[in-house]
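Colleague: Chains as they are written, first to last, in our numbering: chain A, 1 to 372; chain B, 1001 to 1372; chain C, 2001 to 2372; chain D, 3001 to 3372. Quick reminder that beta carbons are idealized off the backbone N, C-alpha and C, glycines included. Please find one structure pasted underneath; my questions will follow.
4 protein chains.
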Amino acid sequence: MVGEGVGSVFGRKLRVMTFGESHGPAVGVVLEGVPAGLPLAEQDIQRELDRRRPGQSPVSSPRVERDRVEILSGLFEGKTTGAPLCLVVWNEGADPSSYEQVRTRPRPGHADLPYLLKYGHVDWRGGGRSSGRETVGRVAAGAVAKKLLSSCGVEILGHTLEAAGVRVEREVEDREIRENAERNPMRCADPEVARRMEEEVLSAARRGDSTGGVVEVRALGVPPGLGDPVFDKLDADIAHAMMSIGGVKAVEIGEGTRFARMRGSEANDVIVLRDGRITLLTNRCGGILGGISVGTPIVVRLTVKPTPSISLPQRTVDLERGEETVLELRGRFDPNLCPRVVPVAEAMLALVLADHLLLSGRLNPDRWGGKG
Amino acid sequence: MVGEGVGSVFGRKLRVMTFGESHGPAVGVVLEGVPAGLPLAEQDIQRELDRRRPGQSPVSSPRVERDRVEILSGLFEGKTTGAPLCLVVWNEGADPSSYEQVRTRPRPGHADLPYLLKYGHVDWRGGGRSSGRETVGRVAAGAVAKKLLSSCGVEILGHTLEAAGVRVEREVEDREIRENAERNPMRCADPEVARRMEEEVLSAARRGDSTGGVVEVRALGVPPGLGDPVFDKLDADIAHAMMSIGGVKAVEIGEGTRFARMRGSEANDVIVLRDGRITLLTNRCGGILGGISVGTPIVVRLTVKPTPSISLPQRTVDLERGEETVLELRGRFDPNLCPRVVPVAEAMLALVLADHLLLSGRLNPDRWGGKG
Amino acid sequence: MVGEGVGSVFGRKLRVMTFGESHGPAVGVVLEGVPAGLPLAEQDIQRELDRRRPGQSPVSSPRVERDRVEILSGLFEGKTTGAPLCLVVWNEGADPSSYEQVRTRPRPGHADLPYLLKYGHVDWRGGGRSSGRETVGRVAAGAVAKKLLSSCGVEILGHTLEAAGVRVEREVEDREIRENAERNPMRCADPEVARRMEEEVLSAARRGDSTGGVVEVRALGVPPGLGDPVFDKLDADIAHAMMSIGGVKAVEIGEGTRFARMRGSEANDVIVLRDGRITLLTNRCGGILGGISVGTPIVVRLTVKPTPSISLPQRTVDLERGEETVLELRGRFDPNLCPRVVPVAEAMLALVLADHLLLSGRLNPDRWGGKG
Amino acid sequence: MVGEGVGSVFGRKLRVMTFGESHGPAVGVVLEGVPAGLPLAEQDIQRELDRRRPGQSPVSSPRVERDRVEILSGLFEGKTTGAPLCLVVWNEGADPSSYEQVRTRPRPGHADLPYLLKYGHVDWRGGGRSSGRETVGRVAAGAVAKKLLSSCGVEILGHTLEAAGVRVEREVEDREIRENAERNPMRCADPEVARRMEEEVLSAARRGDSTGGVVEVRALGVPPGLGDPVFDKLDADIAHAMMSIGGVKAVEIGEGTRFARMRGSEANDVIVLRDGRITLLTNRCGGILGGISVGTPIVVRLTVKPTPSISLPQRTVDLERGEETVLELRGRFDPNLCPRVVPVAEAMLALVLADHLLLSGRLNPDRWGGKG
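And the structure:
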């Protein structure tokens, strides 16, 4: 069969369309729906791209990319014009030679096999379209969404909650994420736990293996009323966004899977008055009830599977020869995906929330200064 | 603020639009995208509606509804015509009197508060639009999707894996779900575990409390190649669909949250030849890699929170008086939502898969018999 | 081939999904995106449905339908709730017997032939899904859109500009449409021209033939800034909406086809100051420049083809016998479609404008009175 | 007000998103939905871009652009992969200086005024986003759509039917369009008429004025059954696509506005058997009945308004000074838009038809040669 290609558009009023393959000329995104008048500079985007860039620590792969963003459209005299923003990053460090071996031998745990079955003709170099490099477009668009959100008082925070079996068992304060997460390679909010995570991750990596973990993202300052009933619930859109990130296999809102063992009397967040405002005493719901934000922080957790690329020998099938074989992947890989998933998950949360803010008509461009 | 209403449309080529409130004249759905020529009778839909109907056992609420479906359009001489199917169920057992007390006092854990904040003017009777009664439309549309899937050899199975802390700890075979799940009130695939679940559920209910649990749905016979890269991944669409069900707070694919503690060498499903066909030796991925089906069973788990309606007194705020108060809900409620979520989750999985089958052009109407 | 059915959804933020066949149980629409708090009664909708109802004059077909609308959802205590409105009209006067002859002999000029080729299995009674009866849903939804627009000071006017070769050659004032169009069977703004139209229409009808014409719709009070660049231009959406009405074969904006013979110096509307406001001296552009409203009246003209159903004998093919034959349609038909297209075209214009108003965030629900 | 930007996405299964401004770094398009395996080279796209390029004859503006396309993604070893194609053209000949005068003085007939009212902050250089340069993306994407269509036996033809009051009054054969239209600057299918058109166009231009005209596009070989009922009718999508082209003010299908003066007995295309195939004796309907293709050629006509840029003095308002003024545009402009609209209209027709072919599942990639 020859497969048809759709699926690269996300959002309703703030829409992104990503493009690009790991070893093609470029990766990028077109983002439409950004109101006119938002101050924006390449460095706003570059800052976020630098966070997702590989090769920055022992726990990320060593592919060298500068990942310089170019804004091809939608910007005029330092402000958006309401026209689509095309953000492009040229591929530089691509070296397809190490992938020659996987051209006919799909890697276990990767998209190689279903892509071959679906499309027939596949750009197999470095995973092609299914490569994590596609997230460059997400992070670039997410940076613009963060700017929009920030002008409405919404802040996005992300960190690694668990990696390689090491978890921050206690409650993490927002402040800790802000202060610590970007200061260690694991992006963990607790520096001490970060050290143990890194040890375990590297220990597995030395044995040619990889590890999984849990990433948490939060949104603070989200006004009540975002999200729509039934199918376009805010948590449904968030779950969609998060599960679309490669390697994510579970999405939880608020207490998530812990709700299974709770009683209703524990699970319900009772409603109280605080300084004349109606709010919730606790936030087990993770900021969303009936699919609509209630004004408390939005809390989302993602389970990230172990990096599928490992050096240990793995069984697979040689498609040309039609026989089973053993694959030993060369090169070095991200031993744990969590630190690099953090900025991507933040970007996706920002895109969903900015879209719903725009849909709700609550964006306040007056805060941007100037007429717009 | 006066809220705007969107969000009731789901799907791309097979699209559903649900409508109706708990205590309005009717609930229902318009379903478009069903190809012409599919044999369909009201009883195909009625069978599924009967499964979600309340009042059938000690573990479901006693609201009495016949829930008879009427097909208003899209059917001619026993077959679909390609035109939209409008499926309507008239509300009969509605008794809004018991809800008078919650008109100005939002129930904790329910959508009452965010709806009031978002819309200002709300049909507060029985949860209105946010009521579980909205799922009548989902289940009716899902019944048609199941007919479509069945003509392609795809089977959907659902069961309660855990409730009130009681879990089927061992591997559950497909056969057990088919044989046992519909034969006990908990819809559990293991009759012995079902009994213990029911005990725990009823024990909590007698104390005025409710319990949560885990529902699992599977799809067998799904061909490889369904799903689209990047944002329209099959698992992203499934996560969206499942998280849009009221009470669902976590969605897992395959091993789900267990991936966090695995090594890559455990997590990867190696690729093998079986009878000349390329397949996976294990199915930890839950049938989906890179967002695209690989041909193994699709496995999804949902965490269902405890029913938010409980008889125990709960703090809330009286919006008219602007003061805190205590709410004691009268009446009887579903003590555990899992058994009733099972057919809804099956319907949502069926809708997503039928949509992707139609998108992929793989539907085979020749199996339907007759010219179409 | 067995056709797949899509195409019944229209709009982006204000979305309608129509359903129903000419001789099925009912026709109707689900409308979502209406903000909460809009006062609405069945009579608001009934008034518009009564305008499109057949059997009211010598120039419309005599099928007797009361066309009583029922609101199944989305309304509570006389105001919308933001939830989808399901509006249903039961089919009563359906008499399929007269259509038996066309079951295997497609009528020239109708959708019979392409539907048979596309779907294989078709509800052939009275045109089924392709019947003009489908417009009941459009007019019902349009009535709600008109209510929304009216609260923003937007008025929709429609009239028959030309029928059976008789045309209002002079400029028609808005006032004339308001005062005269609903007072004659042709819905013509000039009573004298209306009489001549009617004569010509009936004269052709007596010979067993039908006639075409031109319908004009206008929107007054549309604020500047509606419409989006490139593909979602306001005039592109209007053209889409109008061309989707059965029998419409041309759509013109402003001077329309007359622009072909103009010079730029005649065609351009120069920009002037009037009472301190920037506006256009003339309105040849029909209220839209670059796809975006400029604040002057929006003017749209539709060419309506002659009713395809005529009594004169016509060649066709008997599909069962596989041979050419001659079809003589019995019964009486609309001798000219223009008067009945007028309320449908108004409805479609209202839906497009209300959608763009909602997209632009310019709706002002404070005018509705009450909190929402 | 600060406007929000949407509207740059078109299509359902074959989706384009254009980006770029007249004087920004680049213009282009991302196209998704192209099946894997389609042979494609930059020259396939370049050929069409060269047709729309300015500066090629006395009747087009002299801006010098090489308009070299770069394919940034979606192509591997000379074939599409099913991933989005990003097609970029760098802006080279941009000279914004001549536009300085229009920064605060909106040009009559242009989008300047509504853009300023909608967005506040506008890239005014050369029309920015509303410039005809945006059509580079449409033509590039259309070239890919033509390749798809061509593999299904569908051919797209376009020509100028009328310009500056000079019209090809007789029936134009397909063959004439193929042979003659690209051989004269007016893109007219009749060389003799072309000469008279050019004379009239240049005569008006010499007086500082511009002229309008009519462009016709046809699609041959379109299979029956494309298009969907009600709102997604093939002619509705075509009308949308065509009216979205700058300068187009009327869209006609088949006999178009001439239907207004026809009788039903003239307007209906009777149904006949030809060589055992059911077809129409005439093609007044322009290949579409009930919104669905019938297998005869699709015929569409567009009225193109005179180029709004003229050298003659025109009244406008100086927005900074808040007073009326007179604008005299310098530079040379396209004296008639028709020749340059031809390839754009062809591209839009190709995009609509390819989208519907993909939606219908009728594409036959086996014709592409190779496995896919």
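Within the continuous beta strand (DSSP E) that includes Asp-3235(D), where are the two ends?
Modeller: First-last for Asp-3235(D): 3234-3243, but that is the alpha helix (DSSP H), not the beta strand (DSSP E).
Colleague: Determine, for Val-2222(C), whether the minimum Cβ-Cβ distance to residues of chain D falls below 7 angstroms.
Modeller: So, not an interface residue.
Colleague: Asp-2190(C) CB to nearest chain B CB: under 7 angstroms?
Modeller: By this cut-off, Asp-2190(C) is not an interface position.
Colleague: Taking 7 angstroms as the CB-CB cut-off, is Ser-2008(C) touching chain D?
Modeller: So, interface residue.
Colleague: Can Phe-1010(B) and Phe-10(A) be called in contact, C-beta distance under 7 angstroms?
Modeller: No. Outside cutoff.
Colleague: For a contact meaning CB atoms closer than 8 angstroms, what does Ala-3083(D) contact in chain B?
Modeller: Within 8 angstroms Cβ-Cβ: Pro-1229.
Colleague: Give me the Cα-Cα distance between Arg-2330(C) and Asn-2091(C), rounded to the nearest whole angstrom.
Modeller: The straight-line gap from Cα to Cα measures roughly 21 angstroms.
Colleague: Pick out the complete beta strand (DSSP E) segments inside the stretch 3131-3178 of chain D, 3 residues or longer, and give them in chain order.
Modeller: Qualifying beta strand (DSSP E) stretches, in chain order: 3155-3163.
Colleague: Taking only beta carbons into account, state which residues of the stretch 3133-3161 of chain D come closer than 7 angstroms to chain C, listed in chain order.
Modeller: Listed by position, the residues of the stretch 3133-3161 of chain D near chain C (Cβ gap below 7 angstroms) are Glu-3134.
Colleague: Output the distance between the C-alpha atoms of Ala-345(A) and Gly-2127(C), rounded to the nearest integer angstrom.
Modeller: The straight-line gap from Cα to Cα measures roughly 51 angstroms.
Colleague: Select from Asn-2184(C), Gly-2213(C), Val-2034(C) the residue whose C-alpha is nearest the C-alpha of Ser-2073(C).
Modeller: For the residues Asn-2184(C), Gly-2213(C), Val-2034(C), the minimum Cα distance to Ser-2073(C) belongs to Val-2034(C).
Colleague: Measuring alpha carbon to alpha carbon, tell me which residue in Gly-2291(C), Thr-2279(C), Gly-2295(C), Cys-2338(C) is nearest Leu-3319(D).
Modeller: Of Gly-2291(C), Thr-2279(C), Gly-2295(C), Cys-2338(C), the residue nearest in Cα terms is Thr-2279(C).
Colleague: For Thr-1296(B), collect the residues of the same chain with a Cβ closer than 7 angstroms to its Cβ; drop the 5 residues on either side in sequence, then sort them by chain order.
Modeller: Here the set comprises Thr-1279, Leu-1280, Asn-1283, Gly-1287.
Colleague: Would you mind working out which of Gly-2082(C), Arg-2047(C), Pro-2106(C), Ser-2057(C) sits nearest Arg-2321(C), comparing C-alpha positions?
Modeller: Per the Cα distances, Pro-2106(C).
Colleague: By Cβ distance below 6 angstroms, which residues in the same chain neighbour Pro-313(A) in space, the five residues on each side in sequence not counted?
Modeller: These residues qualify, in order along the chain: Val-326, Glu-328.
Colleague: My assumption, with CB atoms under 8 angstroms, is that Gly-1208(B) sits in contact with Glu-1134(B). Please give the rounded CB distance.
Modeller: Contact doesn't hold; Cβ gap of about 26 angstroms is too wide.
Colleague: Whose CA, out of Pro-2039(C), Val-2217(C), Cys-2086(C), Arg-2167(C), lies closest to the CA of Lys-2147(C)?
Modeller: Measuring from the Cα of Lys-2147(C), the nearest candidate turns out to be Pro-2039(C).
Colleague: May I ask you to verify whether the stretch 3177-3187 of chain D touches the stretch 2218-2238 of chain C, counting CB pairs closer than 8 angstroms and requiring at least 3?
Modeller: These segments do not touch.
Colleague: The stretch 117-129 of chain A: which residues have C-beta closer than 9 angstroms to a C-beta of chain D, in chain order?
Modeller: If the cut-off is 9 angstroms between Cβ atoms, the stretch 117-129 of chain A has Lys-118, Tyr-119, Gly-120, His-121, Val-122, Asp-123, Trp-124, Arg-125, Gly-128, Arg-129 near chain D.
Colleague: With 7 angstroms set as the bound, which would you pick, yes or no: does the beta-carbon of Ser-97(A) sit closer than that to a beta-carbon of chain D?
Modeller: It does not: the Cβ of Ser-97(A) has no partner Cβ on chain D nearer than 7 angstroms.
Colleague: With 7 angstroms as the limit, tell me which residues of the stretch 186-212 of chain A have their beta carbon closer than that to any beta carbon of chain B; keep them in chain order.
Modeller: Flagged, chain order: Ala-204, Asp-209, Ser-210, Thr-211, Gly-212.
Colleague: Which chain A residues sit within Cβ distance under 7 angstroms of Gly-2361(C)?
Modeller: Residues of chain A passing the Cβ test: Gly-361.
Colleague: Rounded to the nearest angstrom, how far is the Cβ of Lys-1118(B) from that of Glu-255(A), given a contact under 8 angstroms?
Modeller: Not confirmed; about 23 angstroms, so no contact.
Colleague: Whose Cβ in chain A lies nearer than 8 angstroms to the Cβ of Met-3443(D)?
Modeller: Since the first and last residues shown for chain D are 3001 and 3372, residue 3443(D) lies out of range.
Colleague: If the cut is a Cβ gap below 8 angstroms, which residues of chain B does Asn-315(A) touch?
Modeller: The amino acid occupying residue 315(A) in the given sequence is Arg; Asn does not appear at that position. Within chain B, the residues near Arg-315(A) are Val-1270, Ile-1271, Val-1272, Leu-1281.
Colleague: Over what stretch of residues does the beta strand (DSSP E) that includes Val-69(A) continue unbroken?
Modeller: Looking at the DSSP string, the run of the beta strand (DSSP E) that includes Val-69(A) is 69-71.
Colleague: So is Asp-237(A) in contact with chain F if we call contact Cβ pairs under 7 angstroms?
Modeller: Protein chains A, B, C and D are contained in the structure displayed, whereas chain F is not.
Colleague: Anything in chain D within Cβ reach of Pro-2297(C), meaning under 9 angstroms, just list it in chain order.
Modeller: Neighbours of Pro-2297(C) on chain D: none; closest Cβ ~15 angstroms, over 9 angstroms.
Colleague: Using the Cβ count rule (16 or more neighbours within 10 Å means buried), how would you classify Glu-3169(D)?
Modeller: The residue is exposed, with fewer than 16 neighbouring Cβ atoms inside 10 Å.
Colleague: Can you list, in chain order, the residues of its chain whose CB lies under 6 angstroms from that of Ala-1143(B), leaving out five sequence neighbours each side?
Modeller: Closer than 6 angstroms at the Cβ level, and outside the excluded window around Ala-1143(B), lie Asp-1044, Ile-1045, Glu-1048.
Colleague: Suppose you measure from the CA of Val-294(A) to the CA of Val-139(A); what does that come to, to the nearest Å?
Modeller: The straight-line gap from Cα to Cα measures roughly 27 angstroms.
Colleague: If contact means a Cβ-Cβ distance below 8 angstroms, which residues of the stretch 2033-2057 of chain C contact chain B?
Modeller: Under the 8 angstroms Cβ criterion, the stretch 2033-2057 of chain C contributes Gly-2033, Val-2034, Pro-2035, Ala-2036, Gly-2037.
Colleague: Indicate the three-state DSSP secondary structure (helix, strand or coil) for Thr-316(A) in the structure shown.
Modeller: Of the three classes helix, strand and coil, the one that applies to Thr-316(A) here is strand, per DSSP.
Colleague: I'd like to confirm the pairing. Which residues does DSSP put opposite Glu-2324(C) in its beta bridges?
Modeller: Paired residues: Val-2317(C).
Colleague: Closer than 7 angstroms, CB to CB, is Gly-291(A) near chain D or not?
Modeller: With 7 angstroms as the cut-off, Gly-291(A) does not count as an interface residue toward chain D.
Colleague: Does Arg-175(A) pass the burial test, meaning 16 or more other C-beta atoms within 10 Å, or should it be called exposed?
Modeller: Arg-175(A) should be labelled exposed.
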